[in-house]
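This report refers to the structure that appears directly beneath it.
Numbering (this note's numbering), first residue to last: 4 to 167.
Laid out in structure tokens, this is it:
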């Protein structure tokens with residue numbers, strides 16, 4: 004549906020909730036989420052798709068929201084860091100990152116959390132090399148990555164124990 008001045012209504016499900024916002028067709032998903040819908044957990048780092056800070060899940064697949072137009076997510080399910088915690092309790096992935104010191108400044112964390120969710124959905128018991136490979140598109144300038152690898156491993160073990 005087109006509105007005045009070429010803007011369009013964009014409908015999507017964000018963190019399980021149907022949402023509608025108005026955007027120019029050239030509006031990036033990261034900007035739409037942050038400025039149009041007030042979902043500021045998605046961080047914008049390099050604005051070139053290199054750092055991974057803006058990673059969200061679109062229909063369960065990791066995507067760089069700084070390279071995706073909001074209109075491309077029309078009708079899709081978009082999951083952001085805001086949707087991970089339930090009832091005020093951290094998700095298993097968030098808790099693992101906290102417990103294993105997989106974050107420091109926290110700027111890259113939303114992207115790593117989204118990518119980790121996608122990884123564990125695809126491969127519930129990844130090796131350290133598989134974790135490194137899958138998360139290689141996300142850059143952290145603070146942690147040295149060891150805590151991140153340990154956090155993903157812990158989240159995988161937690162999910163494995165919960166399903167046993």
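The C-beta atom is built at its ideal place from N, Cα and C for all residues, glycine as well.
Take the Cβ of residue i as the centre, count every other Cβ of all protein chains shown within 10 Å, and call the residue buried at 16 or more, exposed below.
| i | result |
| --- | --- |
| residue 68 | buried |
| residue 2 | As shown, the chain starts at 4 and ends at 167. That puts residue 2 outside it, with no answer to give. |
| residue 104 | exposed |
| residue 79 | buried |
| residue 30 | buried |
| residue 17 | buried |
| residue 5 | Residue placement at residue 5 is poorly supported in this model, since its pLDDT is 49, which falls under 50; the coordinates still yield a value, given next. With fewer than 16 Cβ atoms within 10 Å of its Cβ, residue 5 is classed as exposed. |
| residue 129 | buried |
| residue 33 | buried |
| residue 99 | buried |
In the DSSP output, which residue or residues are listed as bridge partners for residue i?
| i | result |
| --- | --- |
| residue 72 | 31 |
| residue 60 | 65 and 82 |
| residue 26 | 11 |
| residue 17 | 20 and 81 |
| residue 89 | 92 |
Sort the options by Cα distance to residue i and report the nearest one.
| i | options | result |
| --- | --- | --- |
| residue 43 | 100, 83 and 122 | 83 |
| residue 114 | 131, 130, 57 and 102 | 57 |
| residue 55 | 35, 109 and 128 | 109 |
| residue 49 | 40, 142, 72 and 131 | 142 |
| residue 53 | 19, 112, 90 and 140 | 140 |
| residue 155 | 121, 88, 167 and 144 | 121 |
| residue 147 | 161, 111 and 51 | 111 |
| residue 74 | 35, 21 and 159 | 35 |
| residue 207 | 131, 138 and 137 | For residue 207 there is no data in the structure shown, the boundaries of the chain being 4 and 167. |
| residue 118 | 167, 65, 93 and 106 | 65 |
| residue 102 | 133, 151 and 21 | 151 |
| residue 51 | 71, 61, 166 and 92 | 71 |
| residue 136 | 77, 126 and 40 | 126 |
| residue 144 | 91, 90 and 106 | 106 |
| residue 94 | 22, 165 and 13 | 165 |
Rounded to whole angstroms, how far is the Cβ of residue i from the Cβ of residue j, which I believe are closer than 8 Å?
| i | j | result |
| --- | --- | --- |
| residue 15 | residue 81 | 5 Å |
| residue 123 | residue 87 | That pair is no contact at about 12 Å. |
| residue 11 | residue 26 | 6 Å |
| residue 77 | residue 13 | 6 Å |
key: Uninterrupted alpha helix (DSSP H) stretches inside the segment 95-165 (no shorter than 4 residues)   = Complete alpha helix (DSSP H) runs here, min 4: 95-102, 112-125 and 131-137.
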